[in-house]
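Asks: I'd like to ask you about the structure that follows.
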Amino acid sequence: MLMNNCDNGVIPYILKFLIGEGNAGGWQRRVGYTADRQAFHRYAVVIVPASTICFPASAEAEDDLPVLPLAEIEGVPLLFGKPTVEWAGETLVVYADIVAGAFFLLSRYEEIRRRDVRDRYGRFPGRESLPCRAGFIHRPVVDEYGRLLRGWLRRAGVDVPEPEPGIRKIWLTHDVDVPFFCRTLRGVLRETVRGGGIGKAWKLLKGPLEADPLYTFPWLIEQDNRLRKAVGRHRCESLLFIKAGGRTKQDKPLYNLHSADIQSLLAISRTEQVGIGLHSSYSAGKDPTRIAAEKERLQKAAGREIRYNRHHYLALCEPEDYSWLERAGITDDFTMGYADLPGFRLGTCRPVRWINPATRFVSSLTLHPLTVMDVSLSDPRYMHLRYDEALAYCRQLFDRVALFAGELALLWHNDTVTGESSFSAPAPWHRKLYETLIQELTEQ
Ligand SMILES: [Zn+2]
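The numbering used here numbers the first residue of the sequence shown as 20 and each following residue consecutively.
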């Protein structure tokens with residue numbers, strides 16, 4: 020993967036990203052990315068580009084996908100190049116092409132090279148991904164590359180500090196897919212047809228919103244506030260992602276943004292300082308030109324500017340579709356996790372600019388890696404874990420995020436934390452798990 024032609028600023032950005040925050044020293048300028056031996060002496064560390072294809076990527080290229088099994092360098096999986104490091108005078112020359120490896124993971128390059136690999140919802144499946152097949156989905160390998168690079172710089176006499184471990188930021192997020200069980204006449208009709216009883220359904224319709232079994236937002240906000248109080252609101256934010264359109268059956272139920280119940284939820288979000296983001300519809304995942312209109316609709320109903328997004332079903336299907344979010348005025352996206360496999364889809368646990376894998380353009384849109392979604396842990400189609408296994412898996416991911424001074428983004432839905440098994444299929448333990456994880460994070 021030859022990255023030193025037509026680079027659109029991507030190489031300086033990747034070097035800076037690898038070295039990490041607090042890069043006041045401009046240390047990336049001490050790193051060369053070149054095979055030109057005559058130029059080696061200008062740098063403290065040189066990374067030699069490994070491969071031969073030119074960008075933009077072409078369908079004919081055959082040597083731009085890493086081949087399994089991968090080599091390792093200092094215990095870290097190496098996607099491109101050789102695990103060889105040698106001195107050329109005062110310069111440390113590294114043949115492990117961690118720049119191409121970081122580009123491959125951060126841009127989701129394999130998803131444009133394997134367009135035919137998608138699941139029934141049009142998503143690239145986590146189980147098909149290189150990080151899963153090579154056994155490192157639970158490791159933020161790009162951040163591990165950063166640690167290697169800082170180590171090589173120090174060996175070459177450049178005094179780069181390691182970032183202080185610890186979780187830098189926590190995003191507690193909730194997608195509002197099915198806000199209520201029975202708050203419309205349509206809901207009463209549905210329950211009557213199902214045999215749930217018209218009396219019970221009518222009571223839910225006419226009773227207080229808080230009595231609806233799926234309306235667990237007050238409980239979720241209470242949990243979130245506990246953590247926000249413990250670690251500080253600047254370090255922990257709560258977000259609701261709200262739908263504002265969609266036509267497919269995956270987008271149902273469509274709720275009315277101007278109804279008293281949704282307006283009540285929006286009012287609570289304002290008083291509790293919970294942020295609002297667009298939950299782009301499944302339809303918009305298929306046709307991203309719809310994103311701007313959905314955002315507009317939500318802005319009108321919420322009476323505030325919307326800058327955050329997450330796609331329903333995490334079904335932002337093609338990497339290039341991010342350009343439509345950017346065009347619609349979205350500044351931050353929280354979609355980047357695999358539904359079937361929690362872990363580090365972008366290879367990092369830190370917020371990163373979206374890099375278009377086709378053009379290699381570094382955009383102004385920031386991607387916040389999704390660490391874990393509730394149903395990914397429990398759903399029989401996904402990980403299908405028991406409570407104790409799910410807790411252990413989450414702890415393992417959280418520890419990695421802390422080790423590399425990253426961000427945590429949790430996604431828990433209102434309809435998985437009812438605590439009633441009839442509403443919590445397939446796992447009744449998400450309420451307990453969320454409560455436990457929040458408690459453990461307050462103690463960090
Ligand atoms: Zn959703």
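Just so you know, even glycine gets a beta-carbon here, dropped at the ideal spot from N, CA and C.
So does Y274 have its beta carbon nearer than 7 Å to some heavy atom of ligand 1?
Replies: no
Asks: What separation, rounded to the nearest whole angstrom, lies between the Cα atoms of V160 and Y341?
Replies: 23 Å
Asks: For Y273, which option in G265, D280, A279 has the closest C-alpha, if you only look at C-alpha atoms?
Replies: The amino acid occupying residue 273 in the given sequence is Leu; Tyr does not appear at that position. If we check each option's Cα against that of L273, G265 comes out closest.
Asks: Is any heavy atom of ligand 1 found at a distance shorter than 7 Å from the C-beta of H193?
Replies: no
Asks: Hey, quick one: how far does the beta strand (DSSP E) through A260 stretch, first residue to last?
Replies: Strictly speaking, residue 260 in this sequence is Phe, with Ala absent from that position. Here the beta strand (DSSP E) through F260 covers 255-261.
Asks: Could you check the C-alpha separation between R316 and Y140 for me, to the nearest Å?
Replies: In a straight line, the C-alpha of R316 is about 25 Å away from that of Y140.
Asks: Using a 10 Å radius around the Cβ and a threshold of 16 neighbouring Cβ atoms, would you call H298 buried or exposed?
Replies: buried
Asks: State the start and end residues of the unbroken alpha helix (DSSP H) segment that holds D407.
Replies: Counting along the chain, the alpha helix (DSSP H) containing D407 begins and ends at 406-422.
Asks: With N433 as the anchor, note down where its beta strand (DSSP E) starts and where it stops.
Replies: Where N433 is concerned, there is no enclosing beta strand (DSSP E), given that its DSSP letter is neither H nor E.
Asks: Should Y62 be listed as close to ligand 1, given that the test is whether its C-beta is under 7 Å from any heavy atom?
Replies: No; taking the cut-off as 7 Å, the Cβ of Y62 has no heavy atom of ligand 1 nearer than that.
Asks: Once you ignore the five residues that flank E229 on each side, which residues in its own chain have a CB closer than 8 Å to its CB?
Replies: Non-local C-beta neighbours of E229 in its own chain, meaning closer than 8 Å and more than five positions away in sequence, comprise P237, ordered along the chain.
Asks: Look up N328 in the DSSP assignment and give the residues it is bridged to.
Replies: L297, D352
Asks: Along the chain, which unbroken stretches of the beta strand (DSSP E) at least 3 residues long are found entirely within the stretch 95-145?
Replies: 95-97, 100-107, 110-115
Asks: Between which two residues does the alpha helix (DSSP H) carrying V50 extend?
Replies: Taken as a continuous stretch (DSSP letters only), V50 belongs to no alpha helix (DSSP H), being part of the beta strand (DSSP E) at 50-52.
Asks: With S300 and E313 assumed to form a contact (beta carbons below 8 Å), what rounded beta-carbon distance in angstroms separates them?
Replies: 6 Å
Asks: Please state the DSSP three-state secondary structure of I156.
Replies: coil
Asks: Is D196 near ligand 1 - that is, is its Cβ less than 7 Å away from at least one heavy atom of it?
Replies: yes
Asks: Between the stretch 422-431 and the stretch 182-191, can you find at least three pairs of beta-carbon atoms closer than 8 Å?
Replies: yes
Asks: Please confirm whether E130 and F143 have their CB atoms less than 8 Å apart.
Replies: yes
Asks: Give a yes or no on whether the C-beta atoms belonging to H387 and W106 are separated by under 8 Å.
Replies: no
Asks: What distance in whole Å lies between the Cβ atoms of R152 and R419, which are believed to be in contact at a cut-off of 8 Å?
Replies: No, R419 and R152 are not in contact; Cβ-Cβ is about 19 Å, not under 8 Å.
Asks: Taking all protein chains shown into account, do 16 or more other C-beta atoms lie within 10 angstroms of the C-beta of H432, making it buried, or fewer, making it exposed?
Replies: buried
Asks: By alpha-carbon positions, which one of L98, Q57, I310 ends up nearest to T263?
Replies: Reading the sequence as shown, one finds Ala at residue 263 and not Thr. For A263, the nearest C-alpha among the options comes from I310.
Asks: Would the beta-carbon of I92 fall within 8 Å of that of A119?
Replies: no
Asks: Within the chosen definition, does the stretch 355-363 reach the stretch 385-402 through at least 3 CB pairs nearer than 8 Å?
Replies: Per the Cβ contact rule, the stretch 355-363 is in contact with the stretch 385-402 (3 or more Cβ pairs under 8 Å).
Asks: When you compare only the Cα positions, how much space is there between R405 and A446?
Replies: The straight-line gap from Cα to Cα measures roughly 8 Å.
Asks: Go ahead and label S383 buried or exposed: buried means 16 or more other beta carbons lie within 10 angstroms of its beta carbon, across all protein chains shown.
Replies: Classified as exposed, S383 has fewer than 16 neighbouring CB atoms from the shown chains inside 10 Å of its CB.
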